[in-house]
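Trainee:
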Amino acid sequence: MNLLTPLESIKGVGEKTAEQFSLAGLNNIGDLIEFLPRTYEDFSEVVDIADVQPGKQTIRAKCESVEIKRVRRGMTVTTAVLADETGKLNAVWFNQPYRAKQLDTREEFFFSGDFEFRYNRYQLTNPSAEKVSEAPVSTDRIVPVYRAVKGLKSQLVRKILNEIRPLMKVLPDPMPADVVEREKLWSYARAVETMHFPDDLADVKNAKERLAFDELFELLLAAQLNKQENAALKGWQIPFDVGVVKGFVEQLPFKLTDAQRRAAWQILQDFEHETPMNRLLQGDVGSGKTVVAGLAACQAASQGYQTAIMAPTEILASQHAEGLSKLLEPLGVKVGLLTGSVKGKARATLYEQIASGGVDVVVGTHALIQEAVKFHKLGFVVIDEQHRFGVAQRQELLKKSAKMPHMLAMTATPIPRSLALTLYGELDISVINERPKGRKEIITKIWSPNSRAQLYDLIEAQLAEGRQAYVICTLIDELPQNEAKSVQAEY
186 MNLLTPLESI KGVGEKTAEQ FSLAGLNNIG DLIEFLPRTY EDFSEVVDIA
236 DVQPGKQTIR AKCESVEIKR VRRGMTVTTA VLADETGKLN AVWFNQPYRA
286 KQLDTREEFF FSGDFEFRYN RYQLTNPSAE KVSEAPVSTD RIVPVYRAVK
336 GLKSQLVRKI LNEIRPLMKV LPDPMPADVV EREKLWSYAR AVETMHFPDD
386 LADVKNAKER LAFDELFELL LAAQLNKQEN AALKGWQIPF DVGVVKGFVE
436 QLPFKLTDAQ RRAAWQILQD FEHETPMNRL LQGDVGSGKT VVAGLAACQA
486 ASQGYQTAIM APTEILASQH AEGLSKLLEP LGVKVGLLTG SVKGKARATL
536 YEQIASGGVD VVVGTHALIQ EAVKFHKLGF VVIDEQHRFG VAQRQELLKK
586 SAKMPHMLAM TATPIPRSLA LTLYGELDIS VINERPKGRK EIITKIWSPN
636 SRAQLYDLIE AQLAEGRQAY VICTLIDELP QNEAKSVQAE Y
């Protein structure tokens, strides 16, 4: 057995089970080993029946009797009387009639689950049950809980992982030995085995740190390799023209902040190099990133190069096009808007203007990467909120040039510099950390769940003054096994 061994080769995995794993993207042993738990339940402490308290616990007991009752609509309720030397209690399973055969009255079992006090006695509902004589994987230990896979329960996943546990112990370490030693890391094999079979939760923390280190290491390594590859590329050299820059700045109805000037200078310096620019421009909403991009586009247009600005939504693309038209068209720089809403003759005409060089700056959405869009001389690409686009989409736009164009990614997401260097290690970073005069400060506050009532009072006060409020949720509809708030539930 090795990491590429198909899952159906493992004991307990039939054709149907393998198909269900495959639907979740798990096809071989390597995939399953990397299928890490989403959380853990602590059933490591075994208590006597007489000492049971409400909540999740484990008891060690025998089954004195078991019966199955059929209730409405074919549902079954399996009830067992469990006993140890200190007392008895009932365990109940819904729609699990096979439990009656599993619970041999001659055997001793571990039962782990949620204890409830009902009808003047404790009851155990839908517990896991494993023979004491066998190595437990779902009782009497820290139990991993896995992401829900349709048709597969966590207990089955744990049993299958237990079959391949010996392989986990000898996994090769992808990290250089000197790095592991210098950083005092756990071995990869120990970390993986601990994630699936922890002895205590403190060990889980150490295992997570090792695997997180691997992810960051790979991310930074990939970023450095990308940066090296980019340095070897040949791009357009766009010379600095002080007259163009001065003309753009002087016609602005406001004064650029020092941060805007600094960011623009960094971009224009990059333009002069043969190595194509690969830069991230970070600044809060309203900090003036678009003006900086407009200045760079004006410089590119003055030297005969086109600019493509890709936004994630039609609304944002339209806003960019409108704002840039006001800034650039008085200087003779033609701005065009290409989105899914531009159709028919207008679209065909715009295609022709882009191909002939009749449009200097093209603002658009995903429509910009369509094969029908041919640029005359694309020298500068701006991608707004680049995390909203896939890598392939960004690359398709960059390919629309005989040489690699200069690339500027813009984001309003506040990212600490150390994290930005990790996430965007292949990019140089410019930050606009000042707001133009007259712009109101955006106040960000964190409210604890206990302060929800005060927060609602604040919202009501704002609404009473004619303002608006909106609530953002991570999900549209509720999902099983997901505690995140959905729009439907919150509404």
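Our numbering puts the sequence shown at residues 186 to 676.
Glycine residues also receive a C-beta, built at the ideal position from the N, C-alpha and C atoms.
Computed from a predicted structure; not experimentally measured.
How many angstroms separate the CA atom of residue 313 from the CA atom of residue 254?
Mentor: Spanning the two alpha carbons is a distance of roughly 20 angstroms.
Trainee: For a minimum of 3 consecutive residues, which ranges assigned as the beta strand (DSSP E) are wholly contained in the region 256-296?
Mentor: Runs of the beta strand (DSSP E) inside the region 256-296: 261-269 and 272-279.
Trainee: Identify the residues that DSSP records as bridge partners of residue 569: which are they?
Mentor: Residue 569 pairs with 595.
Trainee: For residue 522, which residues from the same chain have a beta carbon less than 7 angstroms from its beta carbon, with the 5 sequence-adjacent residues on both sides left out?
Mentor: Correct list, in chain order: 502, 503, 506, 548 and 549.
Trainee: Among 331, 275, 284 and 296, which residue has its Cα nearest to the Cα of residue 304?
Mentor: Cα-wise, what sits closest to residue 304 is 275.
Trainee: Measuring CB to CB, does residue 487 end up less than 9 angstroms from residue 426?
Mentor: In this structure, residue 426 lies closer than 9 angstroms to residue 487 by Cβ.
Trainee: Just the C-alpha distance for residue 166 and residue 319, rounded to the nearest angstrom, thanks.
Mentor: This structure cannot speak to residue 166, because the chain is shown only from 186 to 676.
Trainee: With 16 other CB atoms within 10 Å as the buried threshold, where does residue 666 fall?
Mentor: The predicted model places residue 666 with a pLDDT of 48, which falls under 50 and marks its position as unreliable; any figure quoted below should be read in that light. Counting Cβ neighbours within 10 Å, residue 666 comes out exposed, since fewer than 16 surround it.
Trainee: When DSSP labels each residue in this structure, what does residue 246 get in the three-state scheme?
Mentor: Correct three-state label for residue 246: strand.
Trainee: Relative to the C-alpha of residue 350, which residue among 363, 327 and 382 is closest?
Mentor: The shortest Cα separation from residue 350 among 363, 327 and 382 belongs to 382.
Trainee: Name the one or two DSSP bridge partners that residue 251 has.
Mentor: 265.
Trainee: Note down the Cα distance separating residue 341 from residue 474, rounded to an integer number of angstroms.
Mentor: Each residue's alpha carbon lies about 52 angstroms from the other.
Trainee: So, for residue 492: in the same chain, excluding its five sequence neighbours on each side, which residues have a beta-carbon less than 6 angstroms away from its beta-carbon?
Mentor: Within the same chain, residue 492 has close Cβ partners 482, 485, 546 and 565.
Trainee: Give a yes or no on whether the C-beta atoms belonging to residue 217 and residue 211 are separated by under 9 angstroms.
Mentor: A contact, by the Cβ cut-off of 9 angstroms.
Trainee: Over the uninterrupted beta strand (DSSP E) stretch that includes residue 613, give me the two end residues.
Mentor: Element bounds for residue 613: 613-617.
Trainee: Which same chain residues, not among the five before or five after residue 269, have their C-beta less than 8 angstroms away from its C-beta?
Mentor: Counting only Cβ-Cβ distances below 8 angstroms, and skipping sequence neighbours, we find 233, 234, 244, 245, 246 and 247.
Trainee: Can you give me the start and stop residues for the alpha helix (DSSP H) that residue 343 sits inside?
Mentor: Taken as a continuous stretch (DSSP letters only), the alpha helix (DSSP H) holding residue 343 covers 339-348.
Trainee: How about the region 290-309 and the region 194-203: do they share at least three Cβ pairs that are nearer than 8 angstroms?
Mentor: The answer is no - the region 194-203 does not touch the region 290-309, with fewer than three Cβ pairs under 8 angstroms.
Trainee: What residue does the beta strand (DSSP E) around residue 322 start on, and which one ends it?
Mentor: Where residue 322 is concerned, there is no enclosing beta strand (DSSP E), given that its DSSP letter is neither H nor E.
Trainee: As an exercise, report each continuous alpha helix (DSSP H) stretch of at least 4 residues that is fully enclosed by the region 440-479, in chain order.
Mentor: Runs of the alpha helix (DSSP H) inside the region 440-479: 443-456.
Trainee: Which class does residue 532 belong to by DSSP, given the choice of helix, strand or coil?
Mentor: Helix.
Trainee: State buried or exposed for residue 535, treating a residue as buried only when at least 16 other CB atoms are found within 10 Å of its CB.
Mentor: Looking at its Cβ environment, which holds 16 or more other Cβ atoms inside 10 Å, residue 535 is buried.
Trainee: How far does the alpha helix (DSSP H) with residue 397 in it reach, from first residue to last?
Mentor: Counting along the chain, the alpha helix (DSSP H) containing residue 397 begins and ends at 386-416.
Trainee: Check this for me: beta carbons of residue 227 and residue 386, under 9 angstroms apart or not?
Mentor: Their beta carbons are under 9 angstroms apart, which means residue 227 touches residue 386 by this criterion.
Trainee: With a cut-off of 8 angstroms, do at least 3 Cβ pairs link the region 507-527 to the region 452-468?
Mentor: No, they do not touch.
Trainee: By DSSP's criteria, residue 316 is part of a beta bridge. Which residues make up the other side?
Mentor: In DSSP, residue 316 forms a bridge with 294.
Trainee: Measuring alpha carbon to alpha carbon, tell me which residue in 419, 450, 258 and 413 is nearest residue 685.
Mentor: A query on residue 685 cannot be resolved here, the shown segment of the chain reaching from 186 to 676 and no further.
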